Amino acid sequence: MTGNEPDPSQPEQPANQALRARVPDHVADGCFSTGAIVMTGPSEFIVDFLQTIGRPHRIARRIVIPHNVMPQFIDALEKNIDLYRNRFGDPPKPNQPPQDPNARRPSPQEIYDDLKLPDEVLSGTYANGVMIGHGANEFGLDFLTSFFPQSAVSARVFLSAGQVPRLLDSLKGAVNQLSQRRQEPPQGQSHSYDPNQDFKPQEPPPSDNADGDDDDSGVDNGNGPV
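According to UniProt numbering, the sequence shown is numbered sequentially starting from 1.
Now the structure itself:
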């Protein structure tokens, strides 16, 4: 068999498979998020997208992303932010209330005690790819499951443009923290999950509303699913 002939034992993986990802009806509407919390598990990152407009504050979507996929998600997000800047300028920075540097930082448990976590969100939604689109005011994140024979959108989340650089910083911080932790344990020991250390909240603004401008066509990282 020559190098140009397909291997019949392997399923065909078209280059633009992600661009043809199926969008189930229950996912199509998506949800709007005002911030995110990123946590590091033993083999995956957990990204909790929050809704903090009105009470109770709640976790709208929980996305479970394997460790090896997160750097590709970060790369795709950086490229989309660059595309946004080239067309619209820097994303607006949300106003932040003044913070007391001496104030005690709440523990992860205290933060989650103030968040409603619905049963249907508790176990999270798996994703091993993402497609990203943006307009002048919002970014849309389509999280994918890229399995043969059909990629599908497992969750759809919308963020205001000003939230995206902060999300990117949180994701980078979690990856850097994981890299450091992997170098710290003595040989033969693995790092166990500690919620008090493997926890990186992105502080949401008090209020942030979607403004309903039309989105651009979707932009991915140039290679289909990340």
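Even for Gly, the Cβ is constructed at its ideal location relative to N, Cα and C.
These numbers were taken from a predicted model, which means no experiment stands behind them.
Spanning the alpha carbons of residue 144 and residue 131 requires a straight line of approximately 8 Å.
Straight across, the Cα-Cα distance linking residue 31 with residue 60 is about 7 Å. Runs of the beta strand (DSSP E) lying entirely within the region 18-84, each at least 3 residues long, are 31-33, 35-40, 44-51, 58-66 in chain order. Secondary structure note for residue 113: its alpha helix (DSSP H) is the uninterrupted segment 108-113. Looking from the CA of residue 152, the closest CA among 103, 74, 134, 128 belongs to 128.
Beta-bridge analysis with DSSP links residue 142 to 131, 156. Shown here, residue 172 sits in a helix according to DSSP, grouped into three states. Around the beta carbon of residue 23, fewer than 16 other beta carbons sit within 10 angstroms, so the residue counts as exposed. For the beta strand (DSSP E) assignment, the UniProt region "Disordered" (86-110) encloses no uninterrupted run of at least 3 residues. Rounded to the nearest angstrom, the Cβ distance from residue 67 to residue 45 is 7 Å, consistent with a contact under 8 Å. Distances from the CA of residue 118 to each of 25, 49, 35 were compared; the closest alpha carbon is that of 49. For residue 120, the enclosing alpha helix (DSSP H) begins and ends at 119-122.
Measuring C-alpha to C-alpha distances from residue 114 to each of 180, 21, 54, 47 identifies 54 as the nearest. Apart from sequence neighbours up to five positions away, the residues of its chain that approach residue 27 with a beta-carbon distance below 6 Å are 153, 156, ordered along the chain. A straight-line Cα-Cα distance of about 25 Å links residue 79 and residue 95. For residue 159, the closest of 133, 146, 175 by C-alpha to C-alpha distance is 133. With respect to the C-alpha of residue 41, the residue from 64, 163, 116, 85 having the closest C-alpha is 64. Put simply, the backbone Cα of residue 136 is about 32 Å away from that of residue 111. Sorting 56, 37, 69 by C-alpha distance to the C-alpha of residue 126 places 69 at the top.
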